[in-house]
Amino acid sequence: MRERFDLEKGSIPYRDFCLKLMRAWVEALTRAEEHDRGVFGGKPIDPIVKPALAEVELAVAASGESIMELFDQFCRENPGGVTADTQDQNRKIVKLFAEFVGEASPASAITKAAVRDWKKALFSWPIRAADTNVFTGMTFRQVLKANEEVGKPTISEKTINKYLSAMGGFCGWLRSNDYIEGDPLDGMFLKLDKEKQKVFPYTTDQLKAIFGSPVFTGAQSSENDHLIGNVGINDWRRWLPLIGLFTGARLGEIAQLYLDDVRQEHGHWIFHITRETTRDGDVKKTTKTKGSQRVIPIHTELIKLGFLDYVALVRKRNAKRLFPEITPDTRGHMSGHPSRWYGRYVARIGVKDDKSVNFHSFRHGLADAFRRAGYLDDQFKFMLGHTGATTTGRYGNLPEGELKMRVTMMEAVTFPGLDLSHLYPHL
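This note's numbering applies: residue 56 is where the sequence shown begins, and numbers increase by one.
Laid out in structure tokens, this is it:
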């Protein structure tokens, strides 16, 4: 025999060995079938199968000190002053780790080895797993198993680092409160290829394709906005990309604008991007940082394109928001729906949309336009919100001289080879 057992075929010892081997195979196949159903806690029934080592019982936390209970306490204290949305997102991430090591486990289960093994498993974690119906109600390990059949794309290395970062903040608090010793995240973060992660500006040809597409020139219908027709689109689908092109503002910053955020100061039209509680009390206007609050002059090309006419039209509807059709998603973000629409739309019209070229490319394109106009990065960074928080940014009251300087900078912005005159309103 292959294992060199000295058994005579047909003998009683041989038959006894075969019977025991068959019993062991039955147990092995039973465990495999359980795994296929997402059950990982099955134990052998036949005494012929004995564990090689004594079973290790998972540690159970004292009352109020399981990983998730401690995370709730961490959120209540909120030492980093993060937003409720960030806490909610981090809670989902920490829960995945808790499921991985055992939800009843104490903080001591957050070891370097456990984090290492979890990180390895994250390479197989599907994107948007929580929003995928087939994974509803499944645990972390069950989702991994199910995705072997489903085949949903997995999260990026950048996202894995985001998950590790969520654990890192929590572990810092655990360490400060003597629940754990050492830093289990030390050395765990993945080294990312910066070039691979970089977002590039749109090329001139890509800009021509976008602004020569049906949403801007005439669509088959509002529903089939990617097909050529004679239906004019004059809502957020038209204006978000155009405003992005001439302001470099983030998608969420534009989508959340109120009509009151578009106004005249010292004779110049401006956008005022702020973070504050909304007037309807439902959703907060947010920016990436406090320093992202800023005043941006409205480029004359936007005015030529009919933007102020659009503003007047919305005012007549007694709306509060600049784009009243945009509503917050389940996380309270105004950018959710527009982001998904934009990604689908540019793909349908043949323009690449991925991690290297997307709506954020307008932001990088404006930075390049400032550079072409002769401005250094330090001279225009405040126009993109890359600066410290200021009272001016919060209230939008700029001295006339400073506003004129910003207007001069904005009017220096050009996009060689891109002609938008075909989009001017016909008088």
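Don't be surprised by glycine CBs; every beta carbon is placed ideally from N, CA and C.
Source: prediction; values computed, not measured.
Under DSSP, the beta strand (DSSP E) around residue i begins and ends at which residues?
i	result
lysine 323	A small fix is needed here, since residue 323 is histidine in this sequence, not lysine. Unbroken beta strand (DSSP E) run through histidine 323: 323-328.
proline 352	349-352
Report buried or exposed for residue i, applying the criterion of at least 16 other Cβ atoms within 10 angstroms of its Cβ.
i	result
asparagine 145	buried
arginine 399	exposed
threonine 191	exposed
isoleucine 381	buried
histidine 354	buried
glycine 162	Checking the sequence, you will find alanine at residue 162 rather than glycine. When all chains shown are included, alanine 162 counts as buried.
tyrosine 218	buried
proline 269	buried
aspartate 71	exposed
threonine 329	buried
Quick check on residue i: does DSSP put it in helix, strand or coil?
i	result
glycine 82	Glycine is not the amino acid found at residue 82; the sequence shown has glutamate there. Helix, per DSSP.
tyrosine 313	strand
glycine 157	coil
serine 416	helix
serine 476	helix
arginine 6	Outside the displayed range of the chain (56 to 482) lies residue 6, so it cannot be described from this structure.
glutamate 320	strand
valine 286	strand
alanine 162	helix
arginine 183	coil
alanine 374	coil
aspartate 335	Caution is warranted here: a pLDDT of 48 is assigned to aspartate 335, below 50, making its placement in the model unreliable, and no coordinate value can be reported.
Starting from the C-beta of residue i, find all residues in its chain whose C-beta is less than 8 Å away, skip the five residues before and the five after it, and write them out in chain order.
i	result
histidine 477	Gly267, Thr272
glutamate 236	Arg230
Would you mind reading off the limits of the alpha helix (DSSP H) that contains residue i?
i	result
arginine 230	212-231
valine 369	362-371
valine 205	195-205
serine 411	Counting along the chain, serine 411 falls outside any alpha helix (DSSP H), and DSSP gives it neither H nor E.
arginine 399	391-403
Return the chain-ordered list of same chain residues with a C-beta closer than 6 Å to the C-beta of residue i, the five sequence neighbours on each side being excluded.
i	result
leucine 377	Leu312, Leu314
alanine 164	Val156
isoleucine 298	Ile309
Counting only beta-carbon separations shorter than 9 Å, does residue i have a partner in chain C?
i	result
lysine 246	The displayed structure is made up of one protein chain only, and chain C is not part of it.
Between the beta-carbon of residue i and the beta-carbon of residue j, is there less than 9 Å?
i	j	result
glutamine 348	glycine 440	yes
isoleucine 283	leucine 458	no
leucine 240	phenylalanine 417	no
threonine 469	arginine 427	yes
aspartate 140	arginine 386	yes
valine 397	leucine 295	Note on identity: in this sequence residue 397 is tyrosine, with valine being the wrong assignment. Yes, the Cβ-Cβ distance between tyrosine 397 and leucine 295 is below 9 Å.
methionine 123	valine 170	no
Leaving aside the five residues before and after residue i along the sequence, list all residues of the same chain whose C-beta is less than 7 Å from its C-beta, in chain order.
i	result
leucine 360	Leu297, Leu475, Leu478, Tyr479
valine 189	Ala201, Val205
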